[in-house]
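If you use this note's numbering, the sequence shown corresponds to residues 4 to 478, in order. Just so you know, even glycine gets a beta-carbon here, dropped at the ideal spot from N, CA and C.
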Amino acid sequence: MKTGVFILCVFCANSFVVDSFEKSFLERYQEANDRLQDVLKRDANLQKEWDARQKMWREPINKGAAMLGDEVLAKCGRMKSSVAPDSVHRLLPGDINVVAAVGDSITAANGASATTVFGCLTEYRGRSWSVGGDLSLSQGVSTIPNILRTLNPNLVGYSVGEGGVESSGARLNVAEPGNIAIDMPRQARNLVQRLASRSDVDFQNDWKLITLFIGGNDLCAVCNDRDAKSPENYRNNIKEALDILYADVPRAFVNVVSILDITPLTALAEDLICTVVQAAVCDCGYGEEDILEELRQTQKDYNANMEELIDSGLYNGRDDFTVVFQPFFKDTTPPTKPDGTPDVSYFAPDCFHFSEKGHKQAATTLWNQMFEPVGSKRQAWTQQESIQCSPGSFFATSRNSRKRAALVANGEGSEASTSEMGVSYILLATGLVICVAIVASLGVIYVRRRSRNAPTGLNLPTSSESRVNITDIST
Numbered sequence: 004m005k006t007g008v009f010i011l012c013v014f015c016a017n018s019f020v021v022d023s024f025e026k027s028f029l030e031r032y033q034e035a036n037d038r039l040q041d042v043l044k045r046d047a048n049l050q051k052e053w054d055a056r057q058k059m060w061r062e063p064i065n066k067g068a069a070m071l072g073d074e075v076l077a078k079c080g081r082m083k084s085s086v087a088p089d090s091v092h093r094l095l096p097g098d099i100n101v102v103a104a105v106g107d108s109i110t111a112a113n114g115a116s117a118t119t120v121f122g123c124l125t126e127y128r129g130r131s132w133s134v135g136g137d138l139s140l141s142q143g144v145s146t147i148p149n150i151l152r153t154l155n156p157n158l159v160g161y162s163v164g165e166g167g168v169e170s171s172g173a174r175l176n177v178a179e180p181g182n183i184a185i186d187m188p189r190q191a192r193n194l195v196q197r198l199a200s201r202s203d204v205d206f207q208n209d210w211k212l213i214t215l216f217i218g219g220n221d222l223c224a225v226c227n228d229r230d231a232k233s234p235e236n237y238r239n240n241i242k243e244a245l246d247i248l249y250a251d252v253p254r255a256f257v258n259v260v261s262i263l264d265i266t267p268l269t270a271l272a273e274d275l276i277c278t279v280v281q282a283a284v285c286d287c288g289y290g291e292e293d294i295l296e297e298l299r300q301t302q303k304d305y306n307a308n309m310e311e312l313i314d315s316g317l318y319n320g321r322d323d324f325t326v327v328f329q330p331f332f333k334d335t336t337p338p339t340k341p342d343g344t345p346d347v348s349y350f351a352p353d354c355f356h357f358s359e360k361g362h363k364q365a366a367t368t369l370w371n372q373m374f375e376p377v378g379s380k381r382q383a384w385t386q387q388e389s390i391q392c393s394p395g396s397f398f399a400t401s402r403n404s405r406k407r408a409a410l411v412a413n414g415e416g417s418e419a420s421t422s423e424m425g426v427s428y429i430l431l432a433t434g435l436v437i438c439v440a441i442v443a444s445l446g447v448i449y450v451r452r453r454s455r456n457a458p459t460g461l462n463l464p465t466s467s468e469s470r471v472n473i474t475d476i477s478t
């Protein structure tokens, strides 16, 4: 059996890896599926193994359970401002009115609900971790919009259903399968146009949450075009996209999510399905060890370049706009079962894209990370992580994180509540000072009148003694 699988994998992989990135995302998948089916017809044992693997994706194992219901979030306390803030550094989750995203097939949610390899061509945009809005949180679909909708039912922009970027359900999810970093400026311009033209978006006044996640396809093609996929070019393309958003979009909080190391994904390819399809869509991931080491270093360089760009302060010149690097994918490795073997239930049938369970995990970690102080964020996700409650906490920015980190270290509670307490103490102190001043003034007037009306010969205190006594009383 193993020999047959190996021969099949070598045949299928070598058939098209040479020119795989000369073809579109759709063409690569179609070719992989066609050749796979052709070979399966020749071997009954391989067909049985294939059928067994396909059955797993028809079962609910890759769906995952609801990690936290809306009834729990409802008990979190204050998570929306009474009046919309003017500063992005005082932004609470419920203040978000609009969600949007740019990226590739991960954000388009290819294969999220698929039960076959060919089903991974379907874009299940409503299940996308960062921008999908199918069903609800309480119905088991954990996405960033579904979490936000428990706090603001009027949220708009999230994608629903299935379809491509031009489908009506795509809305403000402008991600496209197969896209790479060089496509991000075009996607950013598309997003700006959609934001400005939608009747359900108040372009000037609505607070917008935009998530950018790109780079997997760049890594998969590094060994084929090192110059075009260099870390410097990657950074420049991301910068151009962010420059467009910064120049044209008011009131925006932009997440830039780190890139995954794709080399461990080959560990999932223990069978026919994953090996063949991964070799089709990410041939560099099946290179020799020196190629794999190059991919690992390039992933680190991509992330370092993104982080350096964002930390440069280029996008800190406006009080209503910020970009935050969310690094939780930097050191994330494929999930494992208790016995240490890869847990493929987090992935679609191609073992490359996320299943619904994988999307839930990514959404949950991103949500939690948005509250972690800049500079103190985790570098990897935690399996079975739950949505955390952060009542009164602002989304973490570079500006508010220094104070937030100090509060967390001292165990003094959330920044929002502490800030409001500080304002109250200032008002109280000011009121006390005014009261003391009034009492002192009345005391001076009273003593002066007594002095003028006092009979001669009485031993009254001198004016200086009067001032001392008045001062003593006022204090």
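Using 8 angstroms as the threshold, is the C-beta distance between residue i and residue j below it?
i	j	result
residue 159	residue 195	no
residue 308	residue 238	yes
residue 330	residue 261	yes
residue 377	residue 358	no
residue 263	residue 324	no
residue 131	residue 362	yes
residue 384	residue 335	yes
residue 106	residue 178	yes
residue 89	residue 322	yes
residue 212	residue 197	no
residue 388	residue 372	no
residue 182	residue 214	no
residue 283	residue 34	yes
residue 82	residue 140	no
residue 290	residue 268	no
residue 173	residue 128	yes
Near residue i, which residues of its chain fall below 7 angstroms by C-beta distance, leaving aside the five closest residues on each side in sequence?
i	result
residue 36	120, 121
residue 347	271, 354
residue 92	397, 400, 402, 403
residue 301	222, 225, 234
residue 126	111, 112, 113, 165, 166, 167, 180
residue 295	266
residue 148	102, 134, 135, 136, 158, 161
residue 94	88, 210, 256, 397, 398
residue 138	144
I'd like the list of long-range same chain contacts for residue i, defined as Cβ closer than 6 angstroms, with 5 residues on each side in sequence excluded.
i	result
residue 285	223
residue 386	338
residue 32	124
residue 240	184, 185, 187
residue 193	177
residue 251	195
residue 277	271, 354
So is residue i buried or exposed if we call it buried at 16+ other beta carbons inside 10 Å?
i	result
residue 351	buried
residue 162	buried
residue 29	exposed
residue 86	exposed
residue 156	exposed
residue 171	exposed
residue 202	exposed
residue 379	exposed
residue 232	buried
residue 209	buried
residue 116	buried
residue 375	buried
residue 413	exposed
residue 281	buried
Would you report the Cα separation of residue i and residue j, rounded to the nearest angstrom?
i	j	result
residue 316	residue 303	21 angstroms
residue 253	residue 206	7 angstroms
residue 146	residue 102	11 angstroms
residue 344	residue 41	30 angstroms
residue 326	residue 216	13 angstroms
residue 219	residue 180	11 angstroms
residue 360	residue 109	13 angstroms
residue 44	residue 279	16 angstroms
residue 299	residue 228	16 angstroms
residue 49	residue 118	18 angstroms
residue 340	residue 297	28 angstroms
residue 104	residue 248	12 angstroms
residue 84	residue 390	21 angstroms
residue 189	residue 55	42 angstroms
Which same chain residues, not among the five before or five after residue i, have their C-beta less than 8 angstroms away from its C-beta?
i	result
residue 236	184, 185, 230
residue 312	238, 241, 242, 245
residue 151	96, 97, 99, 102, 158, 212
residue 349	65, 337, 338, 357, 358, 360, 361, 364
**OP:** Write down every uninterrupted run of the alpha helix (DSSP H) in the stretch 116 to 146 whose length is 4 residues or greater and which is fully enclosed by it, in chain order.
**Re:** none
**OP:** Just list the alpha helix (DSSP H) runs in the stretch 181 to 219, keeping only unbroken ones of 4 residues or longer that don't cross its boundaries, in chain order.
**Re:** 187 to 200
Subject >> Secondary structure, alpha helix (DSSP H): runs of 4+ residues fully inside the stretch 306 to 384 >> reply: 359 to 372
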